[in-house]
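A.B. asks: First the structure, which I've put down as structure tokens, then a few questions once you've had a look.
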Amino acid sequence: MTKEHGINMTTLAPWVSGGAWLRGLRDSAEITAHELAEQVGAPSVVWLLEVEAGLRPVPSSMYKAYAKHVGVAVSDFAATCLRHYDRKAYDALFGTEAPRLSVAA
135 MTKEHGINMT TLAPWVSGGA WLRGLRDSAE ITAHELAEQV GAPSVVWLLE VEAGLRPVPS
195 SMYKAYAKHV GVAVSDFAAT CLRHYDRKAY DALFGTEAPR LSVAA
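This is how it looks when you write it as structure tokens:
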């Protein structure tokens, strides 16, 4: 386990890739961080930017709103979040294969 400034970097690595994935979804949806923070009920735009930077996970209570506003099916969004933020739960539910994202209707 690698620690830097008291942060477990082994745990943080998937969060960083999850944050990059979320930033890509937001960019593809052509919405600003301010807009998305308001739409998903984030505590602040800084909080949302911390999620995108991989410093914190998306709470499951925001999956539906987040998926809706970035145009991804909720089940795909939730599965991908689990893959990045709770790998043991993801593997228990889906095995080791990455989910295919589908565009929300």
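Heads up: the sequence shown begins at 135 in our numbering, then just goes up one per residue. In this text, a Cβ means the ideal position worked out from N, Cα and C, and glycines have one as well.
Could I get the ranges of all uninterrupted alpha helix (DSSP H) runs contained in the region 156 to 198, with 4 residues as the minimum, in chain order?
C.D. replies: 167 to 174, 179 to 186
A.B. asks: Starting from the Cα of residue 195, find the closest Cα among 177, 160, 226 and give me that residue.
C.D. replies: 177
A.B. asks: Find out if the Cβ-Cβ distance for the pair residue 201, residue 211 is shorter than 9 Å.
C.D. replies: yes
A.B. asks: Could you check if residue 158 is buried or exposed, using at least 16 other CB atoms within 10 Å of its CB as the buried criterion?
C.D. replies: exposed
A.B. asks: Between 203, 197, 172, 175, which lies nearest to residue 162 when the distance is taken from Cα to Cα?
C.D. replies: 203
A.B. asks: Take residue 139 and list the residues in its own chain whose beta-carbon comes closer than 7 Å to its own, dropping the five residues that flank it on each side.
C.D. replies: Annotation note: pLDDT 44 at residue 139 (below 50); position unreliable, coordinate value reported separately. Answer for residue 139: no residue qualifies.
A.B. asks: Quick one: what's got a C-beta closer than 7 Å to residue 228's C-beta in the same chain, skipping five residues either side?
C.D. replies: Within the same chain, residue 228 has close Cβ partners 213.
A.B. asks: Quick one: what's got a C-beta closer than 6 Å to residue 215's C-beta in the same chain, skipping five residues either side?
C.D. replies: 192
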